[in-house]
Ligand SMILES: [Zn+2]
Ligand SMILES: [Zn+2]
């Protein structure tokens, strides 16, 4: 059996195309998921343009944010049935034996393989999924919404597990992409009283959406310097927590400028370049610089409950729905910021 899939076929820029590939064979502990919706992540265009610091095992099917229904069960799989609506963690593989795996930090297991990075992903009609990373889509969550569970989990892990936000806090979120907007909502749920979201030119629509998700103030940093504005608030010490969803060095500099003494910078965005400035303000202000990566099973279960009760309504993020053969257009919509969350549907 064959299927159409979006394949990155070489480690050079632009080497991505729709190909006819075999439907994956499943092992005894896997299920075959018939894909319903796949979200386009900011990292997907980066992979396409080969702007990544790692080598990909080509040829590789891209895509790691998805939902679907179970089509086939492996011999050892119990507790699941054909037709079950599911969404899946991004961890296509991890060893299950090392200290990280045994302490529920399996997202940083050295043998972890991510869908669409080191293992075939979901820009396809079917995807092979180990049953241990399946999550049932609850009543009240559509399959389209469920394909956006992954970014909700990123926000949950960053703000609930890896930050210390208290009711009444002043929180700054840099970068109003899907992750930044979901972090805005999470900061609001956690009781932050002032939530300042910082974007740049081109982010105007995204900053408006951020307001719907709980931003109490938005700043376009291309037009206004956010530093005096944020340092002019309250007691003029700055933000209790700064969440950097953009990741490159100017936003780390901005984070250090606006974070309060004894505050925290939570860094979600990746930045492959060196920072090019002194980190001494971290020392002078006794600031914690905290990385955060991915998520685990418990985060997925809770995020799905929050989505079912509409505490997180991801429909407000989805701007486009396109068939899989329009993948290049979807990448352009992401890069031009015309699209916020774009979901794709498989093709025959
Ligand atoms: Zn992603
Ligand atoms: Zn491990």
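Residue numbers (this note's numbering): 4 to 351.
Note that beta-carbon positions come from the ideal geometry of N, C-alpha and C, so glycine has one too.
All values reported here derive from a predicted model rather than from experimental measurement.
Assign residue i to one of two classes, buried (16 or more other C-beta atoms within 10 Å of its C-beta) or exposed (fewer than that).
{"i": "residue 160", "result": "buried"}
{"i": "residue 335", "result": "exposed"}
{"i": "residue 169", "result": "exposed"}
{"i": "residue 98", "result": "exposed"}
{"i": "residue 267", "result": "buried"}
{"i": "residue 280", "result": "exposed"}
{"i": "residue 134", "result": "buried"}
{"i": "residue 341", "result": "exposed"}
{"i": "residue 233", "result": "buried"}
{"i": "residue 275", "result": "exposed"}
{"i": "residue 38", "result": "buried"}
{"i": "residue 81", "result": "exposed"}
{"i": "residue 339", "result": "exposed"}
{"i": "residue 333", "result": "buried"}
{"i": "residue 181", "result": "buried"}
{"i": "residue 142", "result": "exposed"}
{"i": "residue 6", "result": "buried"}
{"i": "residue 205", "result": "exposed"}
{"i": "residue 209", "result": "buried"}
{"i": "residue 178", "result": "buried"}
{"i": "residue 115", "result": "buried"}
{"i": "residue 20", "result": "exposed"}
{"i": "residue 85", "result": "exposed"}
{"i": "residue 102", "result": "exposed"}
Please look up how many angstroms separate the CB atoms of residue i and residue j, rounded, as I've assumed it's under 8 Å.
{"i": "residue 155", "j": "residue 306", "result": "4 Å"}
{"i": "residue 29", "j": "residue 88", "result": "Wrong, their Cβ atoms sit about 18 Å apart, outside the cutoff."}
{"i": "residue 41", "j": "residue 346", "result": "7 Å"}
{"i": "residue 288", "j": "residue 264", "result": "4 Å"}
{"i": "residue 337", "j": "residue 43", "result": "6 Å"}
{"i": "residue 262", "j": "residue 229", "result": "Not quite, the Cβ-Cβ distance comes to about 12 Å (not below 8 Å), so this is no contact."}
{"i": "residue 110", "j": "residue 297", "result": "4 Å"}
{"i": "residue 273", "j": "residue 92", "result": "With 8 Å as the limit, residue 273 and residue 92 do not qualify as a contact, their Cβ atoms being about 19 Å apart."}
{"i": "residue 348", "j": "residue 320", "result": "That pair is no contact at about 17 Å."}
{"i": "residue 212", "j": "residue 123", "result": "Actually they are not in contact, since the Cβ atoms of residue 212 and residue 123 sit about 32 Å apart, beyond 8 Å."}
{"i": "residue 9", "j": "residue 118", "result": "In fact, because the Cβ distance is near 13 Å, the residues do not count as touching under 8 Å."}
{"i": "residue 32", "j": "residue 107", "result": "Residue 32 to residue 107, Cβ: 19 Å. No contact."}
Which one of the options has the shortest CA to CA distance from residue i?
{"i": "residue 120", "options": "162, 177, 59 and 227", "result": "59"}
{"i": "residue 311", "options": "168, 67 and 146", "result": "146"}
{"i": "residue 158", "options": "309, 237 and 4", "result": "309"}
{"i": "residue 194", "options": "244, 317, 248 and 211", "result": "244"}
{"i": "residue 227", "options": "248, 202 and 340", "result": "202"}
{"i": "residue 62", "options": "277, 96 and 22", "result": "22"}
{"i": "residue 105", "options": "314, 343 and 299", "result": "299"}
{"i": "residue 330", "options": "47, 138 and 31", "result": "47"}
{"i": "residue 174", "options": "213, 191 and 19", "result": "191"}
{"i": "residue 53", "options": "350, 15 and 291", "result": "15"}
{"i": "residue 188", "options": "250, 215, 240 and 166", "result": "215"}
{"i": "residue 242", "options": "285, 304 and 172", "result": "172"}
{"i": "residue 184", "options": "296, 196, 236 and 221", "result": "221"}
{"i": "residue 325", "options": "344, 113, 122 and 223", "result": "344"}
{"i": "residue 271", "options": "7, 65, 209 and 176", "result": "176"}
{"i": "residue 144", "options": "24, 316 and 284", "result": "316"}
{"i": "residue 66", "options": "291, 131, 139 and 166", "result": "131"}
{"i": "residue 94", "options": "165, 68 and 208", "result": "68"}
{"i": "residue 45", "options": "78, 249, 186 and 167", "result": "249"}
{"i": "residue 49", "options": "85, 36, 11 and 31", "result": "11"}
{"i": "residue 34", "options": "152, 292, 196 and 129", "result": "129"}
{"i": "residue 148", "options": "114, 100 and 70", "result": "70"}
{"i": "residue 199", "options": "282, 246 and 153", "result": "246"}
{"i": "residue 218", "options": "197, 224 and 231", "result": "197"}
{"i": "residue 294", "options": "112, 285, 318 and 269", "result": "269"}
How would you write the range of the alpha helix (DSSP H) that residue i sits in, first residue to last?
{"i": "residue 183", "result": "181-192"}
{"i": "residue 232", "result": "229-234"}
{"i": "residue 207", "result": "207-215"}
{"i": "residue 48", "result": "46-51"}
{"i": "residue 139", "result": "It is not in any alpha helix (DSSP H) - residue 139 instead sits in the beta strand (DSSP E) that spans 137-139."}
{"i": "residue 155", "result": "152-159"}
{"i": "residue 162", "result": "Note, residue 162: premise wrong, no alpha helix (DSSP H); not H, not E."}
{"i": "residue 309", "result": "300-311"}
{"i": "residue 336", "result": "330-338"}
{"i": "residue 292", "result": "Careful: residue 292 lies outside any alpha helix (DSSP H), inside the beta strand (DSSP E) at 291-294."}
{"i": "residue 286", "result": "283-287"}
Hey, quick one: how far does the beta strand (DSSP E) through residue i stretch, first residue to last?
{"i": "residue 39", "result": "33-42"}
{"i": "residue 149", "result": "Here residue 149 belongs to no beta strand (DSSP E); instead the alpha helix (DSSP H) covers 146-149."}
{"i": "residue 68", "result": "68-76"}
{"i": "residue 25", "result": "19-25"}
{"i": "residue 9", "result": "5-11"}
{"i": "residue 197", "result": "197-202"}
{"i": "residue 325", "result": "321-326"}
{"i": "residue 345", "result": "344-348"}
{"i": "residue 173", "result": "173-177"}
Every unbroken alpha helix (DSSP H) within the region 79-107, with a cutoff of 4 residues, ordered by chain: Listed in chain order, they are 102-105.
Counting only runs of 4+ residues fully inside the region 235-265, write out the alpha helix (DSSP H) ranges in chain order. Correct list: 252-261.
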